[in-house]
Structure formats: C-alpha cells, structure tokens
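Chemist:
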Amino acid sequence: MSSNNAMIPSERIEKAILLIRGEKVLLDRDLARLYGVSTSVMNKAVTRNIDRFPSDFMLQLTKEEFSNLKFHFGISKWGGTRKLPRAFTEQGVAMLSSVLKSKRAVRVNIEMIGKYNA
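No gaps in the numbering here: position 99 of the sequence shown is 99 in this note's numbering, and each next residue is one more.
#1: Using the beta-carbon count (16 or more within 10 Å), is L19 buried or exposed?
#2: Does DSSP classify K24 as helix, strand or coil?
#3: Out of curiosity, what's the CA-to-CA distance linking F53 and E14?
#4: May I have the straight-line CA-CA distance separating L59 from V93, to the nearest angstrom?
#5: Which two residues bound the contiguous beta strand (DSSP E) that contains L59?
#6: Which whole-angstrom value is the C-beta distance of V46 and V108, which I expect to be below 8 Å?
#7: What residue from M95, L27 and E111 has the CA that sits closest to F66's CA?
#8: Expressed to the nearest angstrom, what Euclidean distance is found between the alpha-carbon atoms of T39 and V25?
#9: Measuring only the C-alpha atoms, how far is V106 from A87?
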C-alpha cells in the first residue's frame, strides 16, 4: 500500500510504539483508536481468545509501569482507566486482526507491519 493511500500516517504509528521490558509494543488504547473500536471492545475480543496471545505477543503492564507511563504522558490522557493496560508486540498486533475480524483491522495491520523494525 503506498503512503498516499495509507489509512494512518506512518508517524502516528511510529510515535505510538513504546519500549517496555525490552520489547517494542503498542498499548491497547492506541491500537483500539487505530482500529476504530473502543478499548473495552478490543480487550473483550482478546479475553475471549486469550489462548492466541502468549506472553511474547502481549504484556499486562504492572502498576509501576503504568505509573511511569502516566507520569511520562500526563495523567489527563488516561482518564478513568480502571484496569492496567495491555501492550502488544508485533506478533500480538498481527493476531489482533484475526480476533477483531474487521476489514479495517486487517488494513491497519498491513500498514503497521514493519513499523516495529523501523
């Protein structure tokens, strides 16, 4: 897909990639936004298919990691988060399109492949 036809600007994806526990990851809230679904809808799909997300596909952030993120990004952006965020590796992001089962998820994943290695 050429950059002119991209659904999401490359810079937006690249800025959302974080380094946590030595892994390049995208947070559930950022992925949900890219996929055009709510974080809770996406996380429910993941929970229903949890066997598809081993530890090298998805991390559950610790309270300390979450506190560090809130400090880094500012508390206001986190709103009323009640659960610790999930973070998805490149393999986890690829698996998300299969559990979300939407054309948008597939198209977004195609655009994201390789951004982890940039």
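C-beta atoms are modelled at their ideal positions from N, C-alpha and C, and glycine is treated no differently.
Note that this is a predicted model, so its numbers are computed, not measured.
Modeler: To lay it out plainly:
#1: One-based indexing of the sequence shown puts residue 19 at position 19. L19 is exposed by the Cβ-count criterion.
#2: One-based indexing of the sequence shown puts residue 24 at position 24. Note: K24 maps to strand in three-state DSSP.
#3: Here residue 53 corresponds to residue number 53 of the sequence shown, with the count starting at 1. Here residue 14 corresponds to residue number 14 of the sequence shown, with the count starting at 1. F53 and E14 have their C-alpha atoms spaced approximately 22 Å apart.
#4: For this step, residue 59 is matched to residue 59 along the sequence shown. For this step, residue 93 is matched to residue 93 along the sequence shown. Cα to Cα, L59 sits roughly 12 Å from V93.
#5: On the sequence shown, position 59 is the one that residue 59 refers to. That run of the beta strand (DSSP E) goes M58 to Q60.
#6: Here residue 46 is taken as the residue at index 46 of the sequence shown, counted from 1. Here residue 108 is taken as the residue at index 108 of the sequence shown, counted from 1. That pair is no contact at about 16 Å.
#7: Locating residue 66 in the sequence shown gives position 66, counting from the first residue. Nearest of M95, L27 and E111 to F66, Cα basis: L27.
#8: Here residue 39 is taken as the residue at index 39 of the sequence shown, counted from 1. Here residue 25 is taken as the residue at index 25 of the sequence shown, counted from 1. If you take the alpha carbons of T39 and V25, they lie about 16 Å apart.
#9: Sequence index remark: in the sequence shown, residue 106 carries index 106 (1-based). Sequence index remark: in the sequence shown, residue 87 carries index 87 (1-based). If I take the Cα positions, the gap works out to 19 Å.
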